[in-house]
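Below: the structure, in structure tokens.
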């Protein structure tokens, strides 16, 4: 068996030494992460079903062009739009075509409370062989590089940041309560939903996230250790060793029970050599994460949990 030296991670020390780095991991050319979801209601005047995706894409392009990236896993804050038909005419062409003039009003706000933070209106026109194509053309004519979007997006962004800074203590207490119930992934999702632009709250959440993530990997380590032990006890053969080893290999190297896991792997290797006369090499080659990688690992857990939840929230209109 190959014994691999696991370098201990002084996580708290790293956070102290690299705290400024941890808060400011975003490089100058990267986008601000914001918990913002694109949402288009089903009931919009005369909107063809095929136009909904186009409008969603336009809104996504608008916030992306303003340096914002987000994720659909966080559902509270939304960017949405209401579309009204201003005119519907026939062109004086042969053959005549349908012509639509649309008023498109965009909103950023709290979809749970139905509170708009910012809005911006634009008028677009589209012509097509039928009403659907005219409508679709008008939606496609929405500009995504209008300089007025900057004020619109920044106002909404600031309101979202203000929300997190004002509700920060409640969010942290709720996350800690979830962790106490072993709902670690949901707790991490809740804390990683805090945008790093909400500096005050993000700074408060960092040490709490560190503790909860450690609780998560320690909890999972114990469960994996029990599972691997049971498999090995029931089948002390090469196949049993491979199955148990596959579980042990998934244990996070920062877990508190890692030494016990390595001890079990040593025990398995010695027994296999006795009964099978072969050397069983347990491969455990997971690198210790850097601070920036730890933060990404937290967000990966949050994203995975959020994306696995049913889309059951009913939004209130922002207009």
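Residue numbers (my numbering): 13 to 331.
Don't be surprised by glycine CBs; every beta carbon is placed ideally from N, CA and C.
For residue 147, which residues of its own chain have a beta-carbon under 6 Å away from its beta-carbon, when the five flanking residues on both sides are left out?
Here the set comprises 60, 63 and 112.
Please classify residue 34: is it buried, with 16 or more other beta-carbons within 10 angstroms of its beta-carbon, or exposed?
Low confidence applies here, because residue 34 scores a pLDDT of 29, under 50, leaving its location unreliable; read the following figure in that light. Counting Cβ neighbours within 10 Å, residue 34 comes out buried, since at least 16 surround it.
At the level of alpha carbons, what is the spacing between residue 246 and residue 283?
14 Å
If you run the structure through DSSP and keep just helix, strand and coil, what is residue 96?
strand
Are the C-beta of residue 90 and some C-beta of chain E separated by less than 9 Å?
No chain E is part of this structure, which consists of one protein chain only.
How about the segment 128-139 and the segment 100-118: do they share at least three Cβ pairs that are nearer than 8 Å?
yes
So residue 218 is in the alpha helix (DSSP H); what residue range does that whole segment cover?
211-246
May I ask you to report which of helix, strand or coil DSSP gives residue 304?
helix
Pick out whichever of 126, 163, 202 and 144 has its Cα sitting closest to the Cα of residue 133.
163
Give, in chain order, every unbroken run of the beta strand (DSSP E) that is at least 3 residues long and sits entirely within the segment 99-177.
110-122 and 127-140
First and last residue of the uninterrupted alpha helix (DSSP H) at residue 262:
Judged by DSSP secondary structure, residue 262 falls outside any alpha helix (DSSP H); it is assigned neither H nor E.
Measure the alpha-carbon distance for residue 311 versus residue 217 and round it to whole angstroms.
The straight-line gap from Cα to Cα measures roughly 13 Å.
Between residue 156 and the rest of its own chain, which residues show a CB-CB distance below 7 Å, the 5 nearest in sequence each way excluded?
70, 73, 74 and 77
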